[in-house]
Amino acid sequence: MVETVGLRERKKQRTRQALVEAAMRLFQEKGYERTTVAEIADAAGVSTKTLFNYFPGKEELIFGHRRERVDSLRDRIAARGEGEQPADLLTRVVEELLTSIMATGDEPGFELNLEQARLIMAVPELRARSLQLLVDAQQRLAAALHAAYPDRYDPITAAATIGVLVGAMHAAMTASLARADSLEQTMLATRRAVEIARAGIGAN
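In structure tokens form, the structure reads like this:
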């Protein structure tokens with residue numbers, strides 16, 4: 001029974017990944033606005049109904065897994081190690097995230113994430129939505145940090161700390177994308193941003 005559940009879940013992951021990859025191919029070929037969900041489903045070899053079972057619309061094909069990553073980061077902050085310092089904790093969970101993105105697997109890898117990031121920068125509708133989600137992510141992670149260190153971080157300090165980290169990463173990646181850096185250069189820029197943020201976080 002366990003094996004059957006595992007096979008079913010892997011099949012779902014493969015379908016989800018196929019939909020994301022098909023969407024990105026069509027977005028690049030036709031443009032985001034001109035691509036329909038029916039075309040995406042057809043390119044992935046599934047029905048439109050199946051697509052909607054996984055994603056409520058085109059936007060979620062870009063942002064869905066980003067919300068899942070925020071959930072994962074929040075849970076990892078909540079499960080901090082005994083005696084683990086905030087700077088060490090935040091650096092560790094971000095590095096785990098970057099490593100998982102770089103790894104080949106069922107979720108979009110770093111190269112696909114870069115393609116999505118370039119698309120977001122090029123489409124005003126997606127850019128605006130991305131900023132909204134970034135604010136929401138910072139609020140959720142700040143709440144998790146405050147809960148993990150209630151005697152050290154009040155809500156304002158927790159929000160500022162998460163803002164330093166997330167802001168540094170977002171700014172570095174945006175600058176790297178604007179320069180059309182390679183995959184490796186963008187990853188290095190992101191990790192450098194984490195180091196810079198860590199220095200400020202560790203001083204508090």
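Just so you know, the sequence shown maps onto residues 1 to 204 in the UniProt record's numbering. Beta carbons: idealized from backbone N, C-alpha and C, even for Gly.
Please look up how many angstroms separate the CB atoms of A172 and R192, rounded, as I've assumed it's under 8 Å.
Yes, they are in contact, since the Cβ atoms of A172 and R192 sit about 7 Å apart, within 8 Å.
Can you look up G6 in the DSSP assignment and give me helix, strand or coil?
If DSSP states are grouped into helix, strand and coil, G6 belongs with the helices.
Please classify S47 as buried or exposed, where buried requires at least 16 other C-beta atoms within 10 Å of its C-beta.
Counting Cβ neighbours within 10 Å, S47 comes out exposed, since fewer than 16 surround it.
DSSP state of A180, grouped into three classes?
Correct three-state label for A180: coil.
Just how far apart, CA to CA, sit T50 and V37?
About 11 Å.
Taking the beta carbon of P56 as the centre, do at least 16 other beta carbons fall within 10 Å, making it buried, or is it exposed?
So P56 ends up on the exposed side.
What's the gap between the Cα of F52 and the Cα of A178?
Approximately 33 Å, taken between the alpha carbons.
Can you give me the Cβ contacts of V164 inside the same chain, cut-off strictly under 6 Å, excluding the 5 residues immediately before and after it?
Correct list, in chain order: A197 and G200.
Just to confirm my understanding: we take M169, look at its own chain, exclude 5 residues before and 5 after, and list those with CB closer than 6 Å. What are they?
Correct list, in chain order: T190 and A193.
Tell me the residue span of the alpha helix (DSSP H) that contains V135.
Element bounds for V135: P124 to A148.
When you compare only the Cα positions, how much space is there between D123 and Y32?
Checking the sequence, you will find Val at residue 123 rather than Asp. In a straight line, the C-alpha of V123 is about 8 Å away from that of Y32.
Per DSSP, what kind of secondary structure is V93 in: helix, strand or coil?
Helix.
Can you find the residues in the same chain that come closer than 8 Å, C-beta to C-beta, to A18, ignoring five residues on each side of it along the sequence?
Here the set comprises A44, G45 and V46.
So what's Q185 in DSSP terms, helix, strand or just coil?
Three-state DSSP puts Q185 in a helix.
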